[in-house]
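So the structure is just underneath, and the comments pick up after that.
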Amino acid sequence: MYGSALIETKKGSKSLTEGEDPILLAEFEDRITRGEKIEPMDWMPTQYRKQLIRMIEQHAHSEIIGALPEGTWITRAPGFRRKLALMAKVQDEVGHAQLLYSAAETLGKTREDMVNDLINGKSKYSNVFNYPAKTWADTAIIAWLIDAGAIINQVTNAKGSYGPYCRALDRICSEESFHLKYGHDNVVYLATGTPKQREMVQEALNRWWTPIMHFFGPPDKISEHTEVLMKWKVKMASNDDMRQKFLDEYVPKIWDLGLTIPDKKLKKNNKSGKWEYTEPDWEEFKRVINGDGPCNKERLQVRRWAEEHGAWVRRALMKDEQKYTIPLA
Amino acid sequence: MTFNKAQTDAIKELLFKMADDQLIIGHRNSEWTGLGPMLEEDIAFSSIAQDKIGQSLALFNILHELGEAMPDAAAFTRNADKFKCCQLVEYPIGEYDFSLMRNFLFNQAEYVRFEAMADSSFEPLAKIAKKFKGEIKYHTMHANLWIKQLGKANTESHSRMQIAFDDTFNLALGIFEPGANEDLLIKSKVYPGEKALEEKWIETIMPVLDNAMIKAPARFEWKPVYGGRKGVHTEHLQPMIEEMGAVFRLDPGAEW
Amino acid sequence: MAKSEDPRVSRMELPKNDDGKEVLESQENWETYEVFHQKKRGEQHVHVGIVHAANPEMALILAKETFGRRRATANIWVAKSANVYATDYADADMFETTPEKTYREASDYYCMDRIRKYQKEHGIEDRKDLKRKQKESAKEKKD
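These protein sequence lines map, in sequence, to chains A, B and C. Taking my numbering, I'd label the letters of the first sequence as residues 368 to 696. Taking my numbering, I'd label the letters of the second sequence as residues 51 to 306. Taking my numbering, I'd label the letters of the third sequence as residues -11 to 131.
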């Protein structure tokens, strides 16, 4: 669901293009500028490969971890329609993880290595899933507003340079439209329902607003790295730009339902066209993404449980003559 | 064909047990979503669970047309003692071996049941039996694949599948617990009755088990676990029902 | 067992996950199969992605739901990634002059001008002109 917010480069590290053949690099960058895609077996700068693997892998991890907060309510979904829809939605998150791991695999990292890095904490995933889904209404808010954020991210990144990632994102975007509709429908039923339902969804929105504001990541620091990544169409838009897009599209829809947002400062400046808001606590963001959130430990423990309990199935069917091949596309 | 009250009551009894079976096993299988042994298998298993719940809904819709409550109310507000599912489907998901084997035995039974019902004199049942044939075929293909492959893969997987079979076979015989008013249904050609279905089921599963090198007990050693059809359930069902209805029952009259 | 928001998780015996151990062994996720999907009879099979599977039979069963669960499907093929051969993008220049070979395209053929010139020189009436004249005189008669 959420890629470029998590691209990190250490201070004072080498330039992203250091050591690369200038002719090959120029051809590579020309191709991207012309709007053509880079495919798996193309020559690519080492850092392009590295940053893409990290970005796509983190996106994949976000999907499989994202299946957990909503999965919390699968067994308690109220009524057939919601039960079926929530199962299908969470199944899609697993499906998206499958598509994204596959895209990252084309760059040469194995699925096993990616899963291991997730479980032992080496790889990150979208911070928003380190928070608990305390009520049924939480799943409605997540399905509507978090998926909305994800769609904005995905539609933007689908115009990137790496073929397999773009193709995966196109596929994901088409499935997300059902998620968005389902989420919105859910929130509407709660917001326009009984007082108890209304209270549940307002309370869930209050709790999720900070993680939602954190979703696109902190305001970008313009650096040489950011510029190269944008030239390479790995990073497609600034975090703040995407956040503005989200607010512009969804705050009015939230207010349409008479729900309130827990930020008194939130309003659109009609002169500048930009939304003004209380800057969210980026220290909290940092703390949570580095392991100190309410659910971090549990999320990874559950992933480890799943992988460990499935090991006998996988190992039983492994064959000596198996050969590792990088997928084609 | 029109049915009198006795026949209709017998049909409802049949539909309730089928609808409850599908709902409960679908619910149990849905617990694996996101937690399966392999992403692609997780996706497939979840589809199978959704299919079962969809089939359950279709059966509850027929029941509603026959005068019973709307599907949501029928499924989400009854207590365990009013459920007519077999005990097999109530058990917690256990390890993947248990769930795969339970699915195999149940799906094959379902296949045989729906195949017979395609010729039912009760038209709504014949209709959905034909409609769901393809789905159920996939469920049996999926089940057969895993039973055969894991049965023969290595010592550990074989032993797990054998134990899973030993744990589920007698419970699965409970699917075919004779119905109180079955004779009426057989006479009116609604369906051929549990005994006939059980025979067909045995014919279907034995070659697969054989292929998987799984040993089945001889007929005289069978110990079918009955009771579910009469509302006698294990201690697992009530907590499961409560969990399933937790949000639904939060606010009576609310629309979700 | 510890209480989680998720009742499924509350029923699990969660592992500690504090030993930094690598949970998956190398190649534990089997091999990859490229998947080709046919939407409707009569149409081409189109490459849609991969599945990890232990054998072709499993690959087909899994591909059905990975790629067929949200789209109309008539048929699916799978082939091991290792068995699919591809041209090298570095050799894409071998395709470069292909669009220039217009002699292989219908649109490259236009000879109306030649026909008209010959007709004019040899007094052959152009059929379209004739039809147009007939239409116009019929219209005049009406008015």
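The beta carbon of each residue, even a glycine, is placed where N, CA and C say it ideally should be.
Does at least one heavy atom of the ligand COA sit under 6 Å from the Cβ of residue i?
i: V34(C); result: Inclusion of the ligand COA in the displayed structure is not the case, the ligand content being empty and no account of it being possible.
Since I believe residue j is in contact with residue i (beta carbons under 8 Å), could you give me their beta-carbon distance rounded to a whole number of angstroms?
i: I693(A); j: P407(A); result: 7 Å
i: V457(A); j: I441(A); result: 6 Å
i: I225(B); j: L138(B); result: 6 Å
i: T439(A); j: E(-7)(C); result: 5 Å
i: I64(C); j: H192(B); result: Going by Cβ atoms, the distance from I64(C) to H192(B) rounds to 14 Å, so no, they are not a contact pair.
i: A444(A); j: L453(A); result: 5 Å
i: C540(A); j: V522(A); result: 6 Å
i: A168(B); j: A176(B); result: 6 Å
i: H592(A); j: L383(A); result: 6 Å
i: E227(B); j: C136(B); result: 7 Å
i: G530(A); j: A696(A); result: 7 Å
i: I218(C); j: S590(A); result: Coverage of chain C is limited to positions -11 through 131, which leaves residue 218(C) absent and any answer about it impossible.
Could you tell me which of the options sits nearest to residue i, measuring between CA atoms?
i: M481(A); options: E674(A), L453(A), T645(A), G530(A); result: E674(A)
i: A42(C); options: V618(A), D623(A), D687(A); result: D687(A)
i: A203(B); options: R565(A), A683(A), G640(A); result: A683(A)
i: A56(B); options: L234(B), M263(B), K273(B), A246(B); result: L234(B)
i: S639(A); options: C533(A), K620(A), D615(A); result: D615(A)
i: T627(A); options: R565(A), P389(A), F496(A), I518(A); result: R565(A)
i: G625(A); options: G530(A), L435(A), V568(A), N657(A); result: V568(A)
i: R152(B); options: A222(B), I112(B), W196(B), M191(B); result: A222(B)
i: W511(A); options: W576(A), R478(A), R421(A), N494(A); result: W576(A)
i: A393(A); options: S469(A), L695(A), W622(A), V595(A); result: V595(A)
i: R58(C); options: H546(A), R681(A), A678(A), H676(A); result: H546(A)
i: E437(A); options: T477(A), S382(A), P499(A), L419(A); result: P499(A)
i: Y532(A); options: E1(C), V36(C), Q26(C), R(-1)(C); result: V36(C)
i: S106(B); options: G446(A), A471(A), H426(A); result: G446(A)
i: G281(B); options: R128(B), G86(B), D59(B), A99(B); result: R128(B)
i: F133(B); options: D71(B), L247(B), G303(B), P302(B); result: D71(B)
i: E305(B); options: E665(A), P661(A), T559(A), K612(A); result: T559(A)
i: T190(B); options: G229(B), P174(B), W251(B); result: W251(B)
i: F148(B); options: I178(B), Q212(B), R279(B); result: Q212(B)
i: P(-5)(C); options: P302(B), E292(B), I112(B), R299(B); result: E292(B)
i: Q414(A); options: E543(A), F652(A), R398(A), G386(A); result: G386(A)
i: V132(C); options: R666(A), I519(A), V680(A); result: Look at the range of chain C in this structure, -11 to 131, and you will see that residue 132(C) is not part of it.
For the stretch 142 to 167 of chain B, list every residue whose C-beta sits within 7 Å of some C-beta in chain A, in sequence order. So the close ones are E145, Y146.
Taking any Cβ of chain C, which residues in the stretch 614 to 630 of chain A have a Cβ under 8 Å from it, in chain order? none
Scan the stretch 586 to 664 of chain A and note each continuous alpha helix (DSSP H) run of 4 residues or more that stays entirely inside, going in chain order. The qualifying runs are 591 to 598, 606 to 623, 649 to 654.
If the cut-off is 7 Å on Cβ atoms, which residues from the stretch 100 to 116 of chain B count as contacting chain A, listed in chain order? Taking 7 Å as the upper bound on Cβ-Cβ separation, chain A lies near residues Q100, I103, G104, L107 of the stretch 100 to 116 of chain B.
Flag this pair as touching only if the stretch 394 to 402 of chain A and the stretch 587 to 607 of chain A have three or more C-beta atom pairs under 8 Å; answer yes or no. yes
Mind listing which residues of the stretch 97 to 127 of chain C have their C-beta closer than 8 Å to chain A's C-betas, in chain order? none
In chain order, which continuous runs of the alpha helix (DSSP H) of length 4 or greater are located wholly inside the stretch 124 to 170 of chain B? 146 to 167
Per the contact definition of three or more C-beta pairs closer than 8 Å, is the stretch 68 to 77 of chain C in contact with the stretch 13 to 22 of chain C? yes
Using a Cβ cut-off of 9 Å, which residues of the stretch 172 to 185 of chain B contact any Cβ in chain C, in chain order? none
Cβ pair count under 8 Å reaching 3, the stretch 482 to 498 of chain A against the stretch 3 to 12 of chain C: yes
Members of the stretch 273 to 297 of chain B near chain A, C-beta cut-off 9 Å: Listed by position along the chain: M290, E293, M294, G295, A296, V297.
Any chance the stretch 501 to 519 of chain A sits against the stretch 660 to 680 of chain A, with 3 or more Cβ pairs inside 8 Å? no
If the cut-off is 8 Å on Cβ atoms, which residues from the stretch 201 to 213 of chain B count as contacting chain A, listed in chain order? A203, N204, E206, S207, R210
When you compare the stretch 442 to 461 of chain A with the stretch 128 to 145 of chain B, are there three or more beta-carbon pairs, one atom per stretch, that lie closer than 8 Å? Output reads no: the stretch 128 to 145 of chain B does not touch the stretch 442 to 461 of chain A.
Measuring CB atoms only, is the stretch 605 to 614 of chain A touching the stretch 529 to 542 of chain A, in the sense that at least three cross pairs come out at less than 8 Å? no
What are the residues of the stretch 655 to 676 of chain A that lie near chain C, defined by any Cβ-Cβ distance shorter than 7 Å? Answer in chain order: E665, L667, Q668, V669, R671, W672, E674, E675.
Within the chosen definition, does the stretch 486 to 499 of chain A reach the stretch 578 to 586 of chain A through at least 3 CB pairs nearer than 8 Å? These segments touch.
Mind the definition here: the stretch 205 to 223 of chain B touches the stretch 271 to 280 of chain B only if three or more C-beta pairs lie below 8 Å; say whether that holds. yes
Any beta strand (DSSP E) of 3 or more consecutive residues that is wholly inside the stretch 415 to 482 of chain A: none
Residues of the stretch 490 to 501 of chain A with a CB closer than 8 Å to any CB of chain C: list them in chain order, please. P499, A500, K501
With three or more beta-carbon pairs closer than 8 Å as the criterion, would you say the stretch 122 to 133 of chain B touches the stretch 181 to 188 of chain B? Note that the stretch 122 to 133 of chain B does not touch the stretch 181 to 188 of chain B; fewer than 3 beta-carbon pairs, one per stretch, sit closer than 8 Å.
Just by C-beta distance, which residues in the stretch 546 to 575 of chain A are closer than 9 Å to chain C? none
Taking one C-beta from the stretch 252 to 272 of chain B and one from the stretch 70 to 89 of chain B each time, how about it: are there three or more such pairs within less than 8 Å? The stretch 252 to 272 of chain B, when compared against the stretch 70 to 89 of chain B, does not touch it at the 8 Å Cβ threshold.
Interface residues of the stretch 512 to 529 of chain A facing chain C [CB-CB below 7 Å]: none
Taking a Cβ distance cut-off of 8 Å, strictly less, list which residues of the stretch 253 to 274 of chain B are near chain A, in chain order. none
In the stretch 164 to 244 of chain B, which residue ranges form an unbroken alpha helix (DSSP H) of at least 4 residues, counting only runs that do not cross its ends? 173 to 181, 183 to 203, 205 to 223, 232 to 237
When you check each C-beta in the stretch 55 to 75 of chain C against every C-beta of chain B, which residues fall closer than 8 Å? R57
Is the stretch 231 to 245 of chain B close to the stretch 70 to 80 of chain B, with three or more CB pairs under 8 Å? no
Taking beta-carbon pairs under 8 Å, can you tell me which members of the stretch 63 to 86 of chain B lie near chain A? H77, S80, E81, T83, G84, L85, G86
Mind listing which residues of the stretch 460 to 471 of chain A have their C-beta closer than 8 Å to chain B's C-betas, in chain order? E460, V461, G462, A464, Q465, Y468
Interfacial residues, the stretch -10 to 12 of chain C to chain A, with Cβ spacing under 7 Å: S(-8), E(-7), D(-6), P(-5), R(-4), V(-3), M0, L2, P3, N5, G8, E10, V11, L12
Can you list, in chain order, the residues of the stretch 580 to 597 of chain A whose Cβ is nearer than 9 Å to any Cβ on chain B? Here the close residues number zero.
Give the list of continuous beta strand (DSSP E) stretches no shorter than 3 residues that lie fully inside the stretch 24 to 112 of chain C. 33 to 41, 63 to 68
Whole runs of the alpha helix (DSSP H) within the stretch 488 to 571 of chain A, excluding any shorter than 4 residues: If we require 4 residues or more, the alpha helix (DSSP H) runs fully inside the stretch 488 to 571 of chain A come out as 503 to 508, 514 to 524, 530 to 558.
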